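Residue numbers (this note's numbering): 94 to 573.
Built from N, CA and C at the ideal position, the CB exists for glycine as well.
These numbers come from a predicted model, not from an experiment.
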């Protein structure tokens, strides 16, 4: 099987260009071999971890104005938002096309991706925001522009967001965290949207969603404009939409939902949902048997550090076992390294913040054994902390860029890079890494992180003070 591209005179195609190009029945022509084994392993490994998107609160209950938002459209938009949130702020964002198509489980249907992006550009939604300054109502499309750039060396989706939606996605004044792997398992459109809403209220002390009339819930769950189609009847809505959605969410996710009906006499005038996290793990069923032991270990670590069982399960489900374990190690190391006077006042809260913000990203725990015994002035300590965080931000940014470049390389290029990496394995002095790379290759997260960090250094050099300074200067306009 060969990778294929559209026959075109230009490497860039407008999503709104309707010209038909013929070659194969699906409109593609052969241009070269498929992914190298290393690239295949990298893609497989990338899908086997939790993928968390921070969904802005205005987006959890969208009001479409001129058309429906299908499950495919919603998943595509959420994945685009996640990829945007991994990049520095910009006017346009580039996403490797295989990243989108692999996530959607539709690796070869280019026309379907094109149609989905076109629909996200065309549909209009209400985007309502509430903050300390008052309320704001906006009507907008979900994507202001989309472009697909195809060539023998790369396949890129380039997108831009409308201003208010871009601000909501980037600034995240109010947001909830959604595990895309779990969301993708929901095959019913109404179940997906109900789950998105439920996750946003999972941490609410009341464990209750908002109350709205059934007609509005019908719009939120099916994401279709109100008043379209047959006259609304609650009994049919409950039978055909509500109960199947609740059943699927309860069966496939980490939450149990209970429908609450508020009546005036015998008429249901408003409904809402009670949310309870499950006390059994769900994610291993979605990620496969290989993840089960790691997840159990991560949950046990969190419980040993003072978290409740349901809370531990929810955190591991959202962020994945590997991220949890690395940040547990980070917090333990920090606690062991500081003096008694600098001990954490609330270790549990700090641990949850560390996992949420991934403080351990880029850390190598074996090399960090102690801190200086000389007290550091507060200003100096803050400056050192800021410099360290900036360096870690640069490393993480370069790691992502290196991964994207590697996945877009030709088979020959990626094979050469991977074998060059393996040839240097003895010099790394890490027997566990060498053994894992030999057995699992880039399917293993430990290998992915080390390989992409190595590739980043090969491409751009060490992240020294000059590189960090240049990275910060480039980021200044983006933080305004």
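Where does residue i sit, in a helix, a strand or coil, going by DSSP?
i, result
"residue 208", "helix"
"residue 118", "Residue confidence is low: residue 118 scores 35 on pLDDT, short of 50, so the model does not pin down where it sits. No coordinate-derived value is stated."
"residue 560", "helix"
"residue 356", "strand"
"residue 501", "coil"
"residue 464", "At residue 464 the pLDDT is 37, less than 50, meaning the model places this residue with poor confidence and gives no usable figure here."
"residue 555", "coil"
"residue 567", "helix"
"residue 287", "helix"
"residue 348", "strand"
"residue 541", "helix"
"residue 365", "strand"
Taking the beta carbon of residue i as the centre, do at least 16 other beta carbons fall within 10 Å, making it buried, or is it exposed?
i, result
"residue 509", "exposed"
"residue 159", "exposed"
"residue 358", "exposed"
"residue 521", "exposed"
"residue 364", "buried"
"residue 427", "buried"
"residue 448", "buried"
"residue 132", "buried"
"residue 557", "exposed"
"residue 567", "exposed"
"residue 505", "exposed"
"residue 482", "exposed"
"residue 534", "buried"
"residue 552", "exposed"
"residue 151", "buried"
"residue 410", "buried"
"residue 514", "buried"
"residue 245", "exposed"
"residue 548", "buried"
"residue 360", "exposed"
"residue 559", "exposed"
"residue 220", "buried"
"residue 576", "Any question about residue 576 goes unanswered here, given that the chain covers just 94 to 573."
"residue 528", "exposed"
"residue 516", "exposed"
"residue 407", "buried"
"residue 119", "Any reading at residue 119 needs caution, since the residue's pLDDT is 34, under 50, leaving its predicted position unreliable; the model's value is listed next. Result: exposed."
Which residue's Cα is closest to the Cα of residue i: the options?
i, options, result
"residue 170", "208, 182, 134", "208"
"residue 218", "241, 257, 539", "257"
"residue 346", "331, 335, 294, 279", "279"
"residue 289", "342, 215, 233", "342"
"residue 311", "552, 199, 334", "334"
"residue 175", "490, 263, 539", "263"
"residue 173", "147, 416, 156", "147"
"residue 210", "190, 228, 220, 227", "190"
"residue 350", "542, 284, 327, 410", "284"
"residue 299", "368, 316, 181, 318", "368"
"residue 128", "511, 354, 540", "511"
"residue 168", "193, 182, 183", "193"
"residue 222", "156, 202, 248, 250", "156"
"residue 486", "543, 540, 564", "564"
"residue 544", "559, 336, 526", "526"
"residue 292", "489, 559, 145", "145"
"residue 479", "314, 562, 400", "562"
"residue 164", "503, 315, 523, 484", "315"
"residue 453", "417, 536, 517", "417"
"residue 496", "180, 532, 161, 229", "180"
"residue 442", "304, 216, 413, 398", "398"
"residue 518", "503, 540, 536, 507", "540"
"residue 415", "451, 446, 404, 429", "451"
Counting only beta-carbon atoms, is residue i nearer than 7 Å to chain C?
i, result
"residue 329", "Absent from the structure is chain C; it holds one protein chain and no more."
Give the C-beta separation of residue i and residue j to the nearest angstrom, bearing in mind that I take them to be a contact with Cβ-Cβ under 8 Å.
i, j, result
"residue 236", "residue 273", "About 18 Å; that fails the 8 Å criterion."
"residue 637", "residue 135", "In the structure as shown, the chain starts at 94 and stops at 573, and residue 637 therefore has no counterpart that could be examined."
"residue 227", "residue 149", "Contact doesn't hold; Cβ gap of about 17 Å is too wide."
"residue 424", "residue 444", "5 Å"
"residue 371", "residue 348", "7 Å"
Handout entry: Inside the segment 121 to 205 only - alpha helix (DSSP H) runs reaching at least 4 residues
Key = 130 to 139, 164 to 178, 190 to 196
Problem - Whole runs of the beta strand (DSSP E) within the segment 211 to 284, excluding any shorter than 3 residues - result: 217 to 224, 227 to 234, 238 to 244, 247 to 253, 268 to 272
Practice task
May I have a chain-ordered list of the alpha helix (DSSP H) segments no shorter than 4 residues that lie completely inside the segment 292 to 325?
Solution key: 307 to 315
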